[in-house]
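Residue numbers (the working numbering): 1 to 692.
Ideal Cβ positions, reconstructed from N, Cα and C, are used throughout, including at glycine.
On a predicted model such as this, the values are computed, not experimentally measured, just so you know.
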Amino acid sequence: MKLRTLLSIVVLLCLLITVTASANPGTPANKDARLHANGLIAALPPASFDGGDAPLSYEGNGTTDLCTHDLTGPNTGLLFLGTTAPTDNAGNLKNVAAGADNTGSNGDGLEEDAITGTATGYFNSGTYILSATVTNNTGGNANLYAWVDWNNDGDFLDAGESASVVVANGATSATLTWTGVSDNLPPGVKYYVRLRLTTDVLTSPLGNATDGEVEDYYLNVVRITPDFTVTKVYTTASGDLSTNDEAPAGTTYGTPVADPGNPGAALPSVNSNGTYTFTTPARGIYYFYIPVCAPGQSSGCKSVELRIMVIQAGYVQPPIANTDIASTKMDQFVSIATAINDNHSYHGTNLNPASVTIVNAPAHASTSVFPSGNIAYVPNSGYTGNDTLTYSICDDGTPTPSCATAKQIIRVVPANADNTTDATDDYAPIVVNSVFSDNASLNDKDPEHDAQSTVVQNLTFPGKGTFALNNSGDYTFTPVSGYSGQLDIPYTTCDNGSPSACRTATIHILMVAPGAALPVKLESFTADLNDCAVTLNWKAASEINFKSYTVEYSKDGSHFTPVAVINGNGNNSKYSTTHKSPADGKAYYRLRMTDIDGHEDYSQTLSLSINCSRSYLKVFPTPVTDGKLHVNISTLDGKFDCKLFNLTGQLVAAKTITKGNNTIDVSKLTKGVYYLSLDVNGSRESFKVMVQ
1 MKLRTLLSIV
11 VLLCLLITVT
21 ASANPGTPAN
31 KDARLHANGL
41 IAALPPASFD
51 GGDAPLSYEG
61 NGTTDLCTHD
71 LTGPNTGLLF
81 LGTTAPTDNA
91 GNLKNVAAGA
101 DNTGSNGDGL
111 EEDAITGTAT
121 GYFNSGTYIL
131 SATVTNNTGG
141 NANLYAWVDW
151 NNDGDFLDAG
161 ESASVVVANG
171 ATSATLTWTG
181 VSDNLPPGVK
191 YYVRLRLTTD
201 VLTSPLGNAT
211 DGEVEDYYLN
221 VVRITPDFTV
231 TKVYTTASGD
241 LSTNDEAPAG
251 TTYGTPVADP
261 GNPGAALPSV
271 NSNGTYTFTT
281 PARGIYYFYI
291 PVCAPGQSSG
301 CKSVELRIMV
311 IQAGYVQPPI
321 ANTDIASTKM
331 DQFVSIATAI
341 NDNHSYHGTN
351 LNPASVTIVN
361 APAHASTSVF
371 PSGNIAYVPN
381 SGYTGNDTLT
391 YSICDDGTPT
401 PSCATAKQII
411 RVVPANADNT
421 TDATDDYAPI
431 VVNSVFSDNA
441 SLNDKDPEHD
451 AQSTVVQNLT
461 FPGKGTFALN
471 NSGDYTFTPV
481 SGYSGQLDIP
491 YTTCDNGSPS
501 ACRTATIHIL
511 MVAPGAALPV
521 KLESFTADLN
531 DCAVTLNWKA
541 ASEINFKSYT
551 VEYSKDGSHF
561 TPVAVINGNG
571 NNSKYSTTHK
581 SPADGKAYYR
591 LRMTDIDGHE
601 DYSQTLSLSI
611 NCSRSYLKVF
621 PTPVTDGKLH
631 VNISTLDGKF
641 DCKLFNLTGQ
651 LVAAKTITKG
661 NNTIDVSKLT
671 KGVYYLSLDV
681 NGSRESFKVM
691 VQ
């Protein structure tokens, strides 16, 4: 190690003896700052050396084992991190990592450029991957070493915190990998990262290296939060997945994957920046999983859940239950306002907060439910990280209440974490042509119990309405006359901690019909194709002042004609009708429901594929009297699966058939009605068969 003068050492030691320890605001308490009154760290590397600039706890004893790199050796100007060579006394051990401000006084300035801004890597199946820019013009190999303080204990000395990679001559980038790292990192924590590039062989984040450079950063952890929205059938929902995520610039959102149990095949259209749109004709609860990739990541990306509740007038539907977010400090209880962003899904019912129960308990806490529906969450002793529970909430519908489930995400913050805050999305059903006021902050939480205030907004949405939000969270939405759509409005809340922490959430607005009880509430509506006739079945849970159902048919899904009118029979009634002559192609069916005052509502629209000009396919005879059922395929080649079911849906016979005449033995079947199902070129044909 080259030191300029013995006097430098004497002065340095004197500074250490006279320093007064004090905590630097915003830094975890277990990091020993040891600052001078002028804000400078007591221990500085000699002027001809490069040093780190993480807090002093990362420098061993802060005197004799500082992390330093000699800037006067033969590789000076040939081997360094980033693209800018270090200067004398670069990295002066100030108590803010350079990644927080890599062009200002907090770090090494422009030469802190191995990683732009904070250190952005990504998790992939238990590994953490981080790439850095390097310069190696030495003519031989060098080594890039790195350490991450994963347990946030103020040093880089623990098992699993180091990684290294060989940097070949001429290389301009290098990738480091840590294994066995969980991505369930608690919020409010700044994880420090140290990079050391040298031709030496190192085993420690401390001590001197004869060449190269050292740089310190904050680790930028991608944290994603589940999203939800509420809309109506045929009403486009628009939103932004990124508003409640903590992600660096350059994070991208990928192609959504639908849950197999979704009520329809519609997919949201998701842009790479997280904005999306979604439209569907089918009511119900949809779940989608969208990959969220950190900058430079192409595989193993985390997936964020998007839950979309699609409601429709005239149907018995579960209440609207939405995801809640809450934060608390380690070993501290938090009460979660469960029902604030939930609501009933149709008029004539109310939400029942007292019905709240916990369906899936959290893995790291005990819970209880208050009569108000709020859930008390008590984390296990010493636990930090993210936790999840699932709750159920019901309405007061009669004769049987409807219930729904949703998740609550709890972030348990370490006791020594930096200041943080949290906000939860809100749902606001607003009656068409009505001014609506509420408060967005009622379900927002701050783990330090700091006071929160919202950023004031006064917005105009052309053709939709105006929105005003004050700093207490009170807001008013005034819709344009006749507006009946869906609208997402992000808002930001900040606390009064030091430094202040902010989070963004969304108010999900849905315009709904006036609050009179619906004349009819449907439980089900189905359409089935049998032997070229469409059978339509539906069941009403209740009918109030109700007159009739009109069954409507369309060939294009837009222009409908009536095919049957059926009078209402009262609550819990079942109905059925058959359309005997639909045209080939797509067939669309819906119910027009009319009350005695002339008010009308429509059911969801059902669609079927019709192919009744099937000259290539004949099933005969019917009835079957000799125990032999014939299936004749005249023009199609290949093998086709043919199955026979009884009226209970039980498979009673199956055979693979080919072109020509095929015989199925039904002689052992009980006399009665059966249905023959035949898969032909991706289309399923169904025939009614009588066996005598």
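Item, Value
"Nearest candidate by alpha-carbon position, reference A146, set A132, K574, G140 and G154", "A132"
"Three-state secondary structure (DSSP) of E112", "coil"
"Outcome for T384 when other beta-carbon atoms lying within 10 angstroms are tallied against a minimum of 16", "buried"
"Ranges of the beta strand (DSSP E) found wholly within the region 435-521, counting only runs of at least 3", "436-439, 452-454, 457-461, 465-469, 474-479, 486-495 and 502-512"
"For V378, the three-state DSSP class (helix, strand or coil)", "strand"
"DSSP beta-bridge partners of V631", "V619 and N662"
"Segment contact, 8 Å Cβ cut-off, at least three pairs: the region 124-131 with the region 282-301", "yes"
"Burial state of I224, where buried means 16 or more other Cβ atoms lie within 10 Å", "buried"
"CB of T328 within 8 Å of CB of P447, strictly", "yes"
"Proximity below 8 Å, CB of V480 to CB of G465", "yes"
"Same chain, Cβ closer than 8 Å to T255, neighbours up to 5 away in sequence not counted", "V270, I290 and P291"
"Assumed close pair A505, N244 - CB separation to whole angstroms, cut-off 8 Å", "6 Å"
"Cβ shell of A653 (< 8 Å), same chain only, five flanking positions each side left out", "K643, L644, I664, D665, V666 and L669"
"Straight-line Cα distance separating K547 from L597", "Correcting the residue identity first, residue 597 is Asp in this sequence and not Leu. Their Cα atoms are separated by approximately 9 Å."
"Cutoff 6 Å; reference N386; Cβ partners in own chain excluding five residues on either side", "N184 and R411"
"Span of the beta strand (DSSP E), counted from its first residue to its last, around E161", "Here E161 belongs to no beta strand (DSSP E), and DSSP marks it neither H nor E."
"Where S57 falls: helix, strand or coil (DSSP)", "helix"
"Neighbour-count burial assignment, K671, 16 or more Cβ in a 10 Å radius", "exposed"
"Contacting residues, own chain, Cβ-Cβ under 6 Å from N662 (five flanking each side not counted)", "V631"
"Close Cβ partners of S573 (< 8 Å) along its chain, the five nearest in sequence each way excluded", "K539, A540 and E543"
"Boundaries (first-last residue) of the beta strand (DSSP E) holding V181", "No beta strand (DSSP E) holds V181; DSSP gives it neither H nor E."
"Cβ neighbour criterion (16 or more within 10 Å) applied to P28", "Bear in mind that the predicted position of P28 carries a pLDDT of just 27, short of 50, making it unreliable; the figure below should be weighed with that in mind. So P28 counts as buried."
"Strand pairing of F687, partner residues [DSSP]", "L676"
"G170 burial status per 10 Å Cβ neighbour count (16 or more: buried)", "exposed"
"Continuous beta strand (DSSP E) stretch holding A541: start and end", "A533 to E543"
"Coarse secondary structure for N350, derived from DSSP in three states", "coil"
"Residue environment, A42, which counts as buried when at least 16 other CB atoms sit within 10 Å", "Note on A42: pLDDT 41, under 50, position unreliable in the model; the coordinate value appears next. With 16 or more other Cβ atoms within 10 Å, it is buried."
"Three-state secondary structure (DSSP) of I340", "coil"
"Y253 versus S355 - alpha carbon distance", "37 Å"
"Test item: CB-CB of V134 and L176 under 8 Å", "no"
"Euclidean distance between Cα positions of T103 and E112", "Annotation note: pLDDT 35 at T103 (below 50); position unreliable, coordinate value reported separately. Cα to Cα, T103 sits roughly 8 Å from E112."
"6 Å Cβ shell around C394 - same chain, five flanking residues per side excluded", "N352, S355, P401 and C403"
"Residue burial classification, S701 (beta-carbon count within 10 angstroms, cutoff 16)", "The structure shown has nothing for residue 701, since the chain only spans 1 to 692."
"Check whether N443 and N341 have beta carbons under 8 Å apart", "yes"
"Whole-angstrom C-beta distance between A209 and R194, which should lie under 8 Å", "That pair is no contact at about 12 Å."
"Validate contact between the region 150-166 and the region 361-377 using beta carbons, cut 8 Å, 3 pairs", "no"
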